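Chemist: For the sequence shown, the working numbering gives the first residue as 97, with consecutive numbering after it.
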Amino acid sequence: MRINPVSAVEALVGALRRRVLSGEIQPGTSLPEQEIAASYGVARPTVREALAVLVHEGLLRRERNRSAYVPLVSLEDLDDLMYVRRPLEELMASALVGRRVEAADAALARMAALPADAPWAESVAAHMALHQALVEAVGSPRLERLYAALAAEMRLGLVRLRDVYTDRELLVREHRELLDAIERGPEESARAAMAAHLSHSWGAD
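(1) So L150 and R113 are in contact, right, with Cβ under 8 angstroms, and what is the actual spacing, rounded?
(2) Near V268, which residues of its chain fall below 8 angstroms by C-beta distance, leaving aside the five closest residues on each side in sequence?
(3) Note the first and the last residue of the continuous alpha helix (DSSP H) segment covering P183.
(4) So which of L127, P282, V197, E198 has the shortest CA-CA distance to Q165?
(5) Would you please state the rounded distance, in angstroms, between the beta carbons of V220 and V260? I believe it to be under 8 angstroms.
(6) Taking the alpha-carbon positions, what's the A199 to Y136 distance?
(7) In the DSSP assignment, what residue or residues form a beta bridge with Y165?
(8) Between which two residues does the alpha helix (DSSP H) containing D276 stretch?
(9) Which stretch, first to last residue, makes up the alpha helix (DSSP H) that contains P237?
(10) For R206, report the span of its alpha helix (DSSP H) as first-last.
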């Protein structure tokens, strides 16, 4: 079986994404191309391509005559995000009542299997994969598009939760209870479980 080698751009994207999502690179931090190139031993065109990917994902922002930087997502931004996100996910929970979504269970299993010292970025990835699997299971392309438009801010918001969920098992347990509530029903209970799940604190500003 052949495998495709990871390009320098892909490797750099992965490394920077993990650092952003683990909170190692703080909001507001600039990422000058020359410094990144020197730190990782790659050419500036490689850095430029990698940063462009992360800008496209919404994890970085770039303005004219300024280096790419990690955007600040304030508590006010997150409150507004949840104002839009909550009804979408409650709608999704209603649509999935009585079902168990295999891809969501698989994401939960990956989250539960993470070692205690795993980078928070891996919890973010599993967390996003679980919710994405539920959205896709509904089978609505428009719901998927709406959800995708919020994904970058969701990931950046989840960075803050590393200080809320210092015990990763709590995050695992909340998601297991959510999946159980959706499968068990009825619809009102599934929606209530989703609303409760999304009502967590974001920590201090």
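We put the CB at the ideal spot given by N, CA and C, even for glycine. The structure presented is a predicted model; accordingly, all values stated were derived computationally and were not measured.
Modeler: To lay it out plainly:
(1) Contact flag correct, Cβ pair sits at about 6 angstroms.
(2) For V268, same chain residues with a beta-carbon under 8 angstroms away, outside a window of 5 residues either side, are L204, M207, A208 in chain order.
(3) Element bounds for P183: 171-191.
(4) Checking the displayed sequence, the identity of residue 165 turns out to be Tyr instead of Gln. Nearest C-alpha to Y165: L127.
(5) Here V220 is actually not in contact with V260; their C-beta atoms are around 13 angstroms apart, not less than 8 angstroms.
(6) A straight-line Cα-Cα distance of about 35 angstroms links A199 and Y136.
(7) Beta-bridge partners of Y165 (DSSP): S126, R157.
(8) Following the DSSP letters along the chain, one finds D276 inside the alpha helix (DSSP H) bounded by residues 264-280.
(9) It spans 237-256 - the alpha helix (DSSP H) in which P237 sits, taken as one unbroken run.
(10) Unbroken alpha helix (DSSP H) run through R206: 198-209.
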